[in-house]
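Student: Below is a structure I'd like to ask you about.
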Amino acid sequence: MRLHTENKLIETEDIKIKCGIFQGDSLSPLLFCICLIPLTEQLNRLTTGYENHTTKTKISHLLNIDDLKLIAKSEEELQKQLQIVKNFSDDIHMEFGLEKCAKIAFKRGRLVHSINLVTDINREIQELEQGKTYK
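Position one of the sequence shown corresponds to residue 11 (the numbering used here), numbered consecutively onward.
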């Protein structure tokens, strides 16, 4: 493991993980959110998402239990966010369940149809169909 601090690099021997945390374990949601703090920082640096007009803060993503939701103003912003998520997941060898992913687009509060997002050559995130439920 490598840890970069302001002044130096701390490196350990390989850490062998023999067992993970099971889904449903009370620590699972907390550890998921903690592990994704570096991804949160990368997404925040993009300065994409929606701006709260009263506080002037931007919201680009939400983490809840074991779920990541990306929020963008345009297809281009969403594509940038997806590239960050893909690079991050590739770097840490973590697979996101893209088969459960969906995309939905609103314009002025109304559901609109838009193009599907291609994450890489083999994967495409489909637009959410009206009336279909995704969990």
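Built from N, CA and C at the ideal position, the CB exists for glycine as well. Keep in mind the model is a prediction, meaning the values are calculated, not measured.
Report buried or exposed for G59, applying the criterion of at least 16 other Cβ atoms within 10 angstroms of its Cβ.
Tutor: That one is buried.
Student: In whole angstroms, what is the alpha-carbon distance linking I25 and H63?
Tutor: Going by the C-alpha atoms only, they are around 45 Å apart.
Student: Just confirm the distance between the C-beta atoms of Q52 and F98, as a whole number of angstroms; I'd bet it's less than 8 Å.
Tutor: Contact holds; Cβ gap of about 6 Å.
Student: Per DSSP, which one or two residues make a beta bridge with I20?
Tutor: I20 pairs with L13.
Student: Could you please give the first and the last residue of the uninterrupted alpha helix (DSSP H) stretch that includes L53?
Tutor: Looking at the DSSP string, the run of the alpha helix (DSSP H) that includes L53 is I47 to R55.
Student: On a Cα-Cα basis, can you pick out the residue from K90, E85 and E23 that is closest to V122?
Tutor: The option with the nearest alpha carbon to V122 is E85.
Student: How many Å lie between T65 and E23 at the Cα?
Tutor: Roughly 44 Å between the two C-alpha positions.
Student: DSSP three-state label for N62, please.
Tutor: Three-state result, N62: coil.
Student: Grab the span of the beta strand (DSSP E) containing K117 for me, first residue to last.
Tutor: That run of the beta strand (DSSP E) goes A115 to K117.
Student: Tell me whether H14 is buried or exposed, calling it buried when 16 or more other Cβ atoms sit within 10 Å of its Cβ.
Tutor: Burial call: exposed.
Student: Report back the beta-carbon spacing between D76 and S38 to the nearest angstrom; my notes put them in contact at under 8 Å.
Tutor: With a Cβ gap of about 7 Å, D76 and S38 count as contacting.
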